[in-house]
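J.: Heads up: the sequence shown at position 62 corresponds to 62 in my numbering, and the numbers run straight through without jumps. C-beta: ideal position from N, C-alpha, C; glycine also. Questions regarding the structure given below will be posed in turn.
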Amino acid sequence: MPVSLKRIRQSGALIFLHTCEVCGAAASFGFGVSMRLALNALEAGDKASAKLHLGQWFCREHRPETAADTSA
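Here it is, written out as structure tokens:
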């Protein structure tokens with residue numbers, strides 16, 4: 001799964017890494033993302049649910065056409 005959560009040992013900070021579902025490149029376009037629900041699930045200790053709430057991510061090249069910029 002392209003979305004991953006990592007915890008930094010020294011500080012305990014949580015890092016949210018998201019890569020393109022298609023090519024694995026850094027992704028900027030997220031769909032079906034609810035950070036609040038993901039963080040609540042993490043606080044409850046449910047990492048699997050947290051990942052589901054983080055949705056799907058795509059790079060500019062692979063983002064779904066429904067999200068493409070249609071202004072021109």
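Alpha carbons only, please: which of LEU17, SER28, SER11 is nearest the one belonging to LEU5?
T.: Counting from one through the sequence shown, the residue named residue 5 turns up at place 5. Measuring from the Cα of LEU5, the nearest candidate turns out to be LEU17.
J.: Compare the beta carbon distance of ALA27 and PHE58 with 7 Å and say whether it is the shorter of the two.
T.: To locate residue 27, count along the sequence shown from 1; it is residue 27. To locate residue 58, count along the sequence shown from 1; it is residue 58. It is a contact, given that the beta carbons lie within the stated cut-off.
J.: Taking only three categories from DSSP, how would you classify ARG36?
T.: For this step, residue 36 is matched to residue 36 along the sequence shown. Note: ARG36 maps to helix in three-state DSSP.
J.: Can you tell me whether DSSP reads LEU54 as helix, strand or coil?
T.: Start at 1 with the first residue of the sequence shown, and residue 54 comes out as number 54. It is coil, neither helix nor strand.
J.: Have a look at ALA77 and VAL3 and give me their C-alpha separation to the nearest angstrom.
T.: Residue 77 is absent from the model: the chain starts at 1 and stops at 72.
J.: Cα-Cα, which of GLY45, ALA50, VAL22 is closest to GLY32?
T.: Numbered from 1 along the sequence shown, position 32 holds the residue referred to as residue 32. Ranking the options by Cα distance to GLY32, first place goes to ALA50.
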